[in-house]
Amino acid sequence: DAGVIQSPRHEVTEMGQEVTLRCKPISGHDYLFWYRQTMMRGLELLIYFNNNVPIDDSGMPEDRFSAKMPNASFSTLKIQPSEPRDSAVYFCASSPASEQYFGPGTRLTVT
Amino acid sequence: QKEVEQNSGPLSVPEGAIASLNCTYSDRGSQSFFWYRQYSGKSPELIMFIYSNGDKEDGRFTAQLNKASQYVSLLIRDSQPSDSATYLCAVTGTGRRALTFGSGTRLQVQP
Chain A
104 DAGVIQSPRH EVTEMGQEVT LRCKPISGHD YLFWYRQTMM RGLELLIYFN NNVPIDDSGM
164 PEDRFSAKMP NASFSTLKIQ PSEPRDSAVY FCASSPASEQ YFGPGTRLTV T
Chain B
216 QKEVEQNSGP LSVPEGAIAS LNCTYSDRGS QSFFWYRQYS GKSPELIMFI YSNGDKEDGR
276 FTAQLNKASQ YVSLLIRDSQ PSDSATYLCA VTGTGRRALT FGSGTRLQVQ P
């Protein structure tokens, strides 16, 4: 079975540009999570969805960040405008119940 | 106080020894507890989860949970150099599906 798929795997962009990260969860998983990992702050939840509905977005840093899940097989995380402090690895994870399975991540560098 | 605390390590053990990794959490309502392994530059990989007090064994891994002491641990028997990685403890908070992660313990298994 295919795991969680994320694209792109690496993204380098300039400050002020829009960045869109994509995620395809494991088929049949009702929950989808977006996390961010940095050396300073570790792994942090940004937002999660249940059956395509956002449930908890308390971790979204500010209005520059937005996430959507238009259907059960696709989600996006958008940053507009991007800033150097957004540089991190962004992980998507999906879950059928309680255990979560992570995608390979997108390494974002904002210069 | 951090919600999930782990010793950052590194924890160094010789090959074949038992590695013991520890984690404490602050939310008494936490229901589910997870251990993830993360190799450098890779995504977190789920290796164990436990919901009830006591021990749960899976191959060389044993997870131990003590809710009264708010303590969860991971034992790795017959440690191998390939076990060298960062081990992340994660907990679901009261009424939440999202995971709160500790900062991780780096394990080094010496050949």
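Protein chains in written order, with our numbering: chain A, 104 to 214; chain B, 216 to 326. Beta carbons: idealized from backbone N, C-alpha and C, even for Gly.
Using DSSP with H/G/I as helix, E/B as strand and the rest coil, what is A/R188? helix
If the criterion is Cβ atoms closer than 8 Å, does the pair B/S247 and B/T315 meet it? no
In the DSSP assignment, find the beta strand (DSSP E) that holds B/P229 and state where it starts and stops. L226 to P229
Does A/L148 come within less than 8 Å of chain B when only Cβ atoms are used? yes
Closest residue to A/H132 among A/T209, A/S197 and A/E147 (Cα-Cα distance): A/S197
Where the beta strand (DSSP E) through A/T160 begins and ends: It is worth fixing the name first, because residue 160 of chain A is Asp in this sequence and not Thr. Unbroken run through A/D160: none, as it is neither H nor E.
Pair every Cβ in the segment 168-186 of chain A with every Cβ in the segment 221-228 of chain B, then say whether three or more of these pairs are closer than 8 Å. no
Should B/P296 and B/E230 be called a contact, given that it needs their Cβ atoms to be closer than 8 Å? yes
For the beta strand (DSSP E) containing A/A170, name the first residue and the last one. F168 to N174
Integer Cβ distance of B/R275 from B/R292, believed to fall under 8 Å: 5 Å
Find the residues of chain B that neighbour A/E165, judging by a C-beta separation of less than 9 Å, and give them in chain order. By Cβ distance, chain B contributes nothing, its closest Cβ being about 19 Å from A/E165, past 9 Å.
Run down chain B in chain order and give the residues with a C-beta less than 7 Å from the C-beta of A/Y204. L261
What residue from A/N153, A/V107 and A/L124 has the CA that sits closest to A/H113's CA? A/L124
Select from B/G256, B/S241, B/K282 and B/D270 the residue whose C-alpha is nearest the C-alpha of B/G317. B/S241
By the DSSP assignment, the beta strand (DSSP E) with A/K181 in it spans what residues? F177 to I182
Burial state of B/S245 (16 or more Cβ within 10 Å): buried
Could you give the distance in angstroms between the alpha-carbon of A/K127 and the alpha-carbon of A/R144? 25 Å
Return the residue from the list A/G162, A/L149, A/T141 and A/Y134 that minimises the CA-CA distance to A/V156. A/Y134
Just how far apart, CA to CA, sit A/W137 and B/A234? 31 Å
With a threshold of 16 other CB atoms inside 10 Å of the CB of A/Y193, please say whether the residue is buried or exposed. buried
How about B/T239: is its C-beta nearer than 8 Å to some C-beta of chain A? no
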